[in-house]
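Residues 842 to 1604 in the working numbering are what the sequence shown spells out, letter by letter.
A virtual CB, placed ideally from N, CA and C, is assigned to each residue, including glycine.
Predicted model only: the values in this text are computed from it and were never measured.
What follows is one structure encoded as structure tokens, with my remarks underneath.
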Amino acid sequence: MVLTLVLFAPAHAQAPFSGTPAIEQALGKLNVLGSVLMIAAHPDDENTAILAYYARGRHMRTGYLSLTRGEGGQNLIGPEQGNLLGLIRTHELLEARQIDGAEQYFTRAIDFGFSKTADETMAKWGHDRILSDIVWVIRRFRPDIVILRFSGTPRDGHGQHQVSAILGKEAFSAAADASRFPEQLKFVQPWKATRLLFNTFNFTQDQEKESAAMKGRIEVDTGEYNPVLGVSYSQIAGMSRSMHRSQGMGAGQRPGPSRNYLVTIAGDAPAKDAKDAFDGIDTTWNRVPGGAATGGLLAEAARAFDPHHPDRTLPLLLQAYPLLAAIAASDDPWARAKLVELHEAIALCAGLWLDANVDQYAAVPGSTVEVKYTALNRSPFPMTLESVALEGVGGVSLADAAGGAHFEIVRPARHRYIDRVEGEQTRALTVVPPVALNLPQNVVLFPNNTARKVEIEVLAEMAKASGEVQLALDPGWSAQPQARPFQQSQAGEQMPLSFDVTPAQGADPPAYLRAATHIGDREVAAGMLVISHPPLPPLTVFPPAVVKLVRVEVRTTAHKIGYVMGAGDEMPEAIRQLGCTVTLLGASDLEQRDLSEFDAIVTGVRAYNVRADLRANLPRLLEYVHNGGTLIDQYNVADSNLVPMGPYKFSLSHARVDVEEAPVAFPNPRNPLLRMPNEITPKDFAGWIQERGLYFASDWDTHYETVLESHDPGEKQQAGGMLYARYGKGVYIFTGYSWFRELPAGVPGAYRIFANILSGGRD
Ligand SMILES: [Zn+2]
842 MVLTLVLFAP AHAQAPFSGT PAIEQALGKL NVLGSVLMIA AHPDDENTAI
892 LAYYARGRHM RTGYLSLTRG EGGQNLIGPE QGNLLGLIRT HELLEARQID
942 GAEQYFTRAI DFGFSKTADE TMAKWGHDRI LSDIVWVIRR FRPDIVILRF
992 SGTPRDGHGQ HQVSAILGKE AFSAAADASR FPEQLKFVQP WKATRLLFNT
1042 FNFTQDQEKE SAAMKGRIEV DTGEYNPVLG VSYSQIAGMS RSMHRSQGMG
1092 AGQRPGPSRN YLVTIAGDAP AKDAKDAFDG IDTTWNRVPG GAATGGLLAE
1142 AARAFDPHHP DRTLPLLLQA YPLLAAIAAS DDPWARAKLV ELHEAIALCA
1192 GLWLDANVDQ YAAVPGSTVE VKYTALNRSP FPMTLESVAL EGVGGVSLAD
1242 AAGGAHFEIV RPARHRYIDR VEGEQTRALT VVPPVALNLP QNVVLFPNNT
1292 ARKVEIEVLA EMAKASGEVQ LALDPGWSAQ PQARPFQQSQ AGEQMPLSFD
1342 VTPAQGADPP AYLRAATHIG DREVAAGMLV ISHPPLPPLT VFPPAVVKLV
1392 RVEVRTTAHK IGYVMGAGDE MPEAIRQLGC TVTLLGASDL EQRDLSEFDA
1442 IVTGVRAYNV RADLRANLPR LLEYVHNGGT LIDQYNVADS NLVPMGPYKF
1492 SLSHARVDVE EAPVAFPNPR NPLLRMPNEI TPKDFAGWIQ ERGLYFASDW
1542 DTHYETVLES HDPGEKQQAG GMLYARYGKG VYIFTGYSWF RELPAGVPGA
1592 YRIFANILSG GRD
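Below you can see the structure in the form of structure tokens.
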């Protein structure tokens, strides 16, 4: 047998199984030609147990189409929001799929945050645009059955959930219709899946009752035990689901029966009393013209497999190979997919160790890296390494092809290294620019017309980097100087460059500052950020070197701020933009420090949920307020840990206002938070992003005065989003409005209101 080793750069996570379980999975899969695609809205909507059951148990080609990447969600593991959170959740899904064995797909739909109605979602996404993406995935994936996770009705809750099912139903028929999205037909054929199913809700007793009444309901017991893997599919689901770390989805691995149900909603229904969602669908090699002989050999290979001598399976696989290659040459999609799987099954049975180790994990374009190839045949079966090639670079021939079957095996090129604590690690090879222009802030606030310093960190990724950083500003804005040179001798060196930026007179915010430099004939206008949340691989992103400049008239009478970080947010930096100093308060500060030095203390989002030290020291904080301090609590989630916040009673609820343009009214216009030191007007609620706020209070003691009222279209007024109370000589404020999103995004009005909050409404 002759091997060609082709290597390529992108990272490729490793399957969690090896040895006998991996070979069993591979041989099983070669014998099944069936496929199932599940559709829902977000990372973590998927029924992982169903995916694991079909992929690992039934050996079906299994896919999950998440319309969005979940960028509008919350983040329990770090400060990343928006696009960066979407990137983290994308990789959480990819890790989950490695465990449950399914493939992962997305559309262009953006998760814009919680939405109560299908209409709002449809308006934001664009009906045809997202429908065409779903049709595209169906035409490419060619599923036999499609499973919707939601019903397409308001019972789904989130508007994006509803739309995933509404569009999923439309896409099921549109994918089969050549007159729909004909521009796709240059690349794919129309595809008619056999049936569309709904995976019924069984979370509550009422739902269970409703599901039981549905006609033709098919049961899937994901609690079935797989003796080769040593777990049930529900247990695999627990492992897979626990990858959604940013969402706090750590799940148990429950053994024993676990019933899930599927109901046909379109297409050919299964026969009456059928027990299988694939009823009547041929998932054997008979569905491929001329495939019967190949199927016979592959079935024999699976039967004859000996865990102690996997190499003895090779002759059968090699017999099947030319037959399968001939069918694949006629462009049959199943044969093409199975040919790739056959290559991998052969590598597994031969215990092949194929590796391309790069001597470093980052490289600048035009530089040289050393790649060490290792090919190890750990079976008695004779094999020759014929050639090695690095994709996009070229390769070398090592031996003359001399008869035998020829195979191409593809592996990622990566940096393999030893960590003294973690042991052997691998990291994807990343191509990086020669220098990165990092901006410590995304937003710079100008509370008046004075110039402010903007700092740019130049990070060298190569030795002897030199050049000049040039700034471009919007009309009317100026920088002193406009350009600064830099020179660095070593890779990894950082050099801060400082510029004085003066705002334009009378300009409406926002404006932008763009930084760029030239290295050789290459323009660099991006920074570099490495997001590290193990077990995800390090994620390297290159954010554009752009700062948002916000000129807004804002005063604050609070200067020294204490901040109790909660689940993670970017508020401390945003508060510094107001000219305040911010001290992060740890457990010992809360226990012992003299808090009277702070003009205001702010607790971060979900701080009471995640910090026992904060809950324990609440009496000290209230004493601080009583003596004249200002305490500001942001949103928390009502859970069993939570202690009553504030000096007087109020209860938290799930009430929220999701439409970021929802009008905001002032029920008590004389409230100092609306007047001092900044006069707040409805204009300050313009340009907000994602939402107004969440987890508002539902009822409160009469000592509290409400400050703001808002509501989503068609709902009743929510007044519990901001509560104000005098307590002793001080002020207590609870606010569920989304300052943690609006301030880091540079929303001018949000800064004016939050300045009043910090100032406790005092002038
Ligand atoms: Zn969801």
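T1267, enclosing beta strand (DSSP E) - first and last residue: 1264-1269
DSSP-derived helix/strand/coil call for W1541: Three-state result, W1541: strand.
Contact test: A882 Cβ vs ligand 1 heavy atom, cutoff 7 Å: In this structure, the C-beta of A882 approaches ligand 1 to less than 7 Å from one of its heavy atoms.
N1458 vs D1480 beta-carbon contact at 8 Å: no
Beta-carbon proximity check, L1180 vs A1188, cutoff 8 Å: no
Contact check, R1582 vs I1530, beta carbons under 8 Å: yes
Endpoints, alpha helix (DSSP H) assigned at N1597: 1589-1599
Same chain, Cβ closer than 6 Å to Y1545, five either side skipped, listed in chain order: Hits under 6 Å: L1564, A1566.
is_contact[I1473, chain C] using C-beta, thresh 8 Å: Included in the structure is just one protein chain, with no chain C present.
Beta-carbon spacing of Y1202, H1256 below 8 Å: yes
Sequence-distant residues of its chain with Cβ nearer than 7 Å to I1598 (five each side left out): I1473, L1514, I1574, T1576
beta-carbon D886 near ligand 1 non-hydrogen atom, thresh 7 Å: yes
Contact under 8 Å by Cβ, L1312 with A1352: no
Validate contact between the region 1488-1496 and the region 1539-1556 using beta carbons, cut 8 Å, 3 pairs: yes
Close beta carbons around G1235, own chain, < 6 Å, minus the five adjacent residues each side: The answer is none, since no qualifying residue turns up.
Close beta carbons around L868, own chain, < 8 Å, minus the five adjacent residues each side: L1139, A1142, A1143, F1146, T1154, A1186
Distance cut-off 7 Å: H1085 Cβ against heavy atoms of ligand 1: no
Inter-stretch contact (C-beta, 8 Å, three-pair minimum) for the region 936-956 and the region 897-917: yes
Ligand 1 heavy atom lying under 7 Å from the CB of H1184: no
The alpha helix (DSSP H) enclosing I979, as first and last residue numbers: 968-982
Assigned secondary structure, V1371 (DSSP; H/G/I helix, E/B strand, else coil): Three-state DSSP puts V1371 in a strand.
Bridge partner(s) assigned by DSSP for N1198: K1213, R1255
Strand pairing of S1099, partner residues [DSSP]: Its beta-bridge partners do not exist; DSSP assigns none.
Near ligand 1: H968 beta-carbon under 7 Å from a heavy atom: Incorrect: H968 has no Cβ contact closer than 7 Å to ligand 1.
Span of the beta strand (DSSP E), counted from its first residue to its last, around G869: Going by DSSP, G869 is part of no beta strand (DSSP E) but of the alpha helix (DSSP H) stretching over 860-871.
Supposed contact pair L1217 and V1229 - C-beta distance, whole angstroms, cut 8 Å: Not a contact, Cβ separation roughly 14 Å.
Rounded C-alpha distance that separates S1373 from L1380: 7 Å
Ordered list of beta strand (DSSP E) runs contained in the region 1282-1369, each at least 3 residues: Complete beta strand (DSSP E) runs here, min 3: 1284-1287, 1293-1301, 1306-1314, 1319-1321, 1324-1329, 1335-1343, 1352-1360, 1363-1365.
Beta strand (DSSP E) segments (min. 3 residues) lying fully within the region 1502-1565: 1538-1541
H999 CB to nearest heavy atom of ligand 1 below 7 Å: In this structure, H999 has its CB closer than 7 Å to one or more heavy atoms of ligand 1.
Close beta carbons around V1199, own chain, < 6 Å, minus the five adjacent residues each side: V1210, V1212, A1254, H1256, L1270
H932 CB to nearest heavy atom of ligand 1 below 7 Å: no
Proximity winner among G1590, K965, M1369, relative to D1525 (alpha-carbon distances): G1590
Selection from N916, I1442, T861 that minimises the alpha carbon distance to A1408: N916
Extent of the continuous alpha helix (DSSP H) to which M1406 belongs: Counting along the chain, M1406 falls outside any alpha helix (DSSP H), and DSSP gives it neither H nor E.
Range of the contiguous beta strand (DSSP E) that encloses V1004: V1004 -> not in any beta strand (DSSP E); alpha helix (DSSP H) instead, spanning 1000-1015.
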